[in-house]
Amino acid sequence: MHYVVVTTGSCGNCYIFYTGRDTLIIDDGVTFTKLSETMRNHEIPLDTIRALFITHLHPDHSKGVGVLQRRLGVPAYISDVSMEKNESLIIKQKIERSLLHTFAFGDRISIPGFDILPFATSHDSDGSAGFAFTSDGVGYFLMTDTGIIPDEAWDLSRSADVKFIESNYDEEMLEKGSYPQFLKNRISGRWGHLENKTAVDFAGKTSKQGDSISFVHLSANNNTPELVRKVVNEVIPSGIFCKVCCRGELFEGFRDGK
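All letters in the sequence shown, in the order written, are residues 617 to 874 by my numbering.
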């Protein structure tokens, strides 16, 4: 598997997974130009894209969906709750309904090269989702934009070999920062984001020797890569690869099948 974090953070989020034959994209919060140039630079053909799965419909995760659909005819998947509750965002972002499919949480979706299991996350976007999936015998796990860790996530993360986990904010930076109190409450609340210690503790408790963890979606104003790395060094044992993805950073990795 060749995977690419195109970008992550409030500036945009997009993840590419390429088996050598088939490509899965999770989230498309970037322009079509950025996505296509990134794929070309990493020798991933556009015609290998089989599907796009969307965690939720905040623009930093979904603003590129409609253009990708119209340019390449790519089917996009969102939760049935997200479809029902976010009509205005679907219209505003010009997402093509004819290419929009829904899933219920707990459904398993098979596309060429991938078997995908969505699970519910806790965010202020109705129907938000995380994804666990397998490809060539390897398990992958992606959880971002959630104020709490869902019960289902523990076993799904334990079963994964490659993980992408939100580590959005440092508690002290947020509390002492300049954000108004309502926004601080939103970020730190049940429907907000994960703070560093919670995210890294979860990653450490659900990972084994040889796993790979990428910490993603760092806040530009309430976190730093150094703070995340400090917690990682305190919590994660040796033998587990950890990458802290800076806001807007492009990162690629590779994983052999089993």
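Here a beta-carbon is modelled for each residue, glycine too, at the ideal position from N, C-alpha and C.
- [ ] Assuming Asn784 contacts His833 (C-beta within less than 8 angstroms), just tell me the rounded distance between them.
- [x] What you label residue 784 is simply residue 168 of the sequence shown in a count that begins at 1. What you label residue 833 is simply residue 217 of the sequence shown in a count that begins at 1. At roughly 5 angstroms, the Cβ-Cβ gap stays under 8 angstroms, so Asn784 and His833 are in contact.
TODO: Say whether the region 667-677 touches the region 634-642, bearing in mind that this needs 3 or more beta-carbon pairs closer than 8 angstroms, one atom from each stretch.
DONE: Cβ pair count under 8 angstroms is three or more, so yes.
Open item on the list: Does the contact criterion of 3 or more C-beta pairs under 8 angstroms hold for the region 789-799 versus the region 711-731?
Closed with: Output reads no: the region 711-731 does not touch the region 789-799.
- [ ] For Cys630, write down the residues that DSSP places opposite it in a beta bridge.
- [x] Sequence index remark: in the sequence shown, residue 630 carries index 14 (1-based). Under the DSSP definition of a beta bridge, Cys630 partners with Thr623 and Asp644.
Open item on the list: Since Ile732 and Phe757 should fall inside the 8 angstroms C-beta cutoff, what is the C-beta to C-beta distance between them, to a whole number of angstroms?
Closed with: Taking the first residue of the sequence shown as 1, we reach residue 732 at position 116. Taking the first residue of the sequence shown as 1, we reach residue 757 at position 141. Between Ile732 and Phe757 a beta carbon distance of about 11 angstroms is seen, past the 8 angstroms cut, so the two are scored as non-contacting.
Open item on the list: So Gln685 and Glu712 are supposed to be a Cβ contact under 8 angstroms. How far apart are they, rounded?
Closed with: Counting from 1 along the sequence shown, the entry for residue 685 is found at position 69. Counting from 1 along the sequence shown, the entry for residue 712 is found at position 96. Contact between Gln685 and Glu712 is confirmed by a C-beta separation of about 4 angstroms, below the 8 angstroms threshold.
Open item on the list: What does DSSP give as the partner residue(s) for Tyr693 in the beta ladder?
Closed with: The residue labelled residue 693 in the question sits at position 77 within the sequence shown. Beta-bridge pairing by DSSP links Tyr693 to Phe669 and His717.
Task: Length of the line joining the Cα atoms of Met655 and Met789 - done: As a working mapping, residue 655 is identified with position 39 in the sequence shown. As a working mapping, residue 789 is identified with position 173 in the sequence shown. So the two alpha carbons sit approximately 35 angstroms from each other.
Open item on the list: Three or more C-beta pairs under 8 angstroms: does that hold for the region 807-816 against the region 766-777?
Closed with: The region 807-816, when compared against the region 766-777, does not touch it at the 8 angstroms Cβ threshold.
- [ ] Classify Leu834 as helix, strand or coil using the three-state DSSP reduction.
- [x] In the sequence shown, the residue the question calls residue 834 occupies position 218. In the structure shown, Leu834 sits in coil (DSSP, three-state: anything other than H, G, I, E or B).
Open item on the list: At the level of alpha carbons, what is the spacing between Glu703 and Leu715?
Closed with: By one-based count along the sequence shown, residue 703 stands at place 87. By one-based count along the sequence shown, residue 715 stands at place 99. Taking the straight line joining both Cα atoms gives about 15 angstroms.
- [ ] Closer than 7 angstroms by C-beta to Thr635: which residues in its own chain qualify, once you throw out the five before and the five after it? Chain order, please.
- [x] Here the question's residue 635 lines up with position 19 in the sequence shown. These residues qualify, in order along the chain: Met617, Gly729, Ser751 and Asp752.
TODO: To the nearest angstrom, report how far apart Pro691 and Thr737 are at their CA atoms.
DONE: One-based indexing of the sequence shown puts residue 691 at position 75. One-based indexing of the sequence shown puts residue 737 at position 121. Here the alpha carbons of Thr737 and Pro691 stand approximately 22 angstroms from one another.
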